[in-house]
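Here's the structure we're looking at; comments come further down.
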Amino acid sequence: PYTGRGDLTLGASIDVGKANLDAQIDAALGRLAKDANGNIVGGEKVTVVGLSAGSLVVTEVLRDMAADANAPDKDQITFIVVADSSRQKLIDKARYNNKYDYTYQPAPETAYDVVVVTGEYDGMADFPDRPFNLLAIMNAIAGSIFVHVPVMYADLANVPAENITVDVNAKGGTTTHYLVPAKKLPLVQLLPFLAPREAELKAKIDKAYSRNDVPTVAARSLVAAPVLRQDVDDVQEAPVEGSGADVTEA
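Note that the working numbering has the sequence shown beginning at -10, numbered continuously upward.
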């Protein structure tokens, strides 16, 4: 979309992409090696990969497949989406974007396994979920330039364990999310003279992402439920068998 005057909107382009991808998936499934009973042999499966707007096409195809009783089995196909702008914390419900002619909504729950690759600070797919941090917004805009497409070439073997999350939904589908760390703040890449302050800037920018919050441990309660006066009296009068200890009121 948007490659010249009169070209398709994002929404219209995604509709064309869905039709194209459906056809390619059917063709690819037809090329899988099968035995006489129609069972796939050799552990082969179709892998679908989408980048940026292409990942939105993949996500919409997944949405359709989730509602299709004749969709292929999960052992025949798997999905990878890179820089998917719909898989962000701030996309919490369906919202139509008039500018893009597209309804952003949370990813569908399906039985398929999906790998999600997101570049840290990518303004298209990793926008701050606390948008009142102007510095973080500026950094995300720069990330749209320096992170959004280059993350396609990231080596996932180098992603630290703490940046990998695995979720299994109620339908048995596994979503593995890789957050590829930025080697340098996009804002510093855009404005190199800020390099001496990079650590300071990063600390401020990271506060705009709730994932960086220090986890808090809830204080353990000593009382599980309200205790009536009569209950305490009953406990005092009832010996604890075999304990050899008296029960007293705290």
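Built from N, CA and C at the ideal position, the CB exists for glycine as well.
Subject >> Pairwise C-alpha distance: T154 and K88 >> reply: 32 Å
**OP:** Compare the Cα-Cα distances from F135 to each of L176, L45, S74 and Y85 and report the closest residue.
**Re:** L176
**OP:** Tell me Y110's beta-bridge partners as DSSP assigns them.
**Re:** DSSP, once it has assigned bridges, lists no residue as partnering Y110.
Original post:
On the three-state DSSP scale, how would you describe L176?
Top reply: helix
**OP:** Would you mind stating whether R119 and S199 have Cβ atoms separated by less than 8 Å?
**Re:** yes
**OP:** Using DSSP bridges, identify the partner residues of F243.
**Re:** Given a span of -10 to 239 for the chain in the structure shown, any question on residue 243 remains unanswerable.
**OP:** Can you have a look at D111 and say buried or exposed, based on whether 16 or more other CB atoms are within 10 angstroms of its CB?
**Re:** buried
Original post:
Taking the alpha carbon of P117 as the point to measure from, which residue in V104, K78 and E98 has its own alpha carbon closest?
Top reply: K78
**OP:** Quick one: give me the first and last residue of the beta strand (DSSP E) that D156 is part of.
**Re:** I153 to V157
Original post:
Exposed or buried, which one is N128 when buried takes at least 16 other CB atoms within 10 Å?
Top reply: buried
Original post:
Measuring CB to CB, does A1 end up less than 8 Å from S41?
Top reply: no
Subject >> Buried versus exposed, by CB contacts within 10 Å (16 or more), P97 >> reply: buried
Subject >> N- and C-terminal bounds of the beta strand (DSSP E) containing L168 >> reply: T163 to V169
Original post:
Which partner residues of D92 appear in the DSSP bridge assignment?
Top reply: One detail in the question is off: residue 92 reads as Thr in this sequence, not Asp. Y85.
Subject >> C-beta atoms of L18 and P61 nearer than 8 Å >> reply: yes
Original post:
Quick one: what does DSSP say K160 is sitting in, helix, strand or coil?
Top reply: coil
Original post:
Sorted by chain position, which residues of the same chain lie with C-beta nearer than 6 Å to S133's C-beta, five sequence neighbours on each side aside?
Top reply: G112 and M113
**OP:** Just the C-alpha distance for K23 and E33, rounded to the nearest angstrom, thanks.
**Re:** 9 Å
**OP:** For V140, collect the residues of the same chain with a Cβ closer than 8 Å to its Cβ; drop the 5 residues on either side in sequence, then sort them by chain order.
**Re:** V71, A72, V106, T107, G108, D111 and V169
**OP:** With hydrogens ignored, establish whether the beta-carbon of D24 is closer than 7 Å to any heavy atom of the ligand ZN.
**Re:** Here there are no bound small molecules, and the ligand ZN is not part of this structure.
**OP:** Drop a sphere of 10 angstroms on the beta-carbon of R76, count the other beta-carbons inside from all chains shown, and report buried for 16 or more, exposed for fewer.
**Re:** buried
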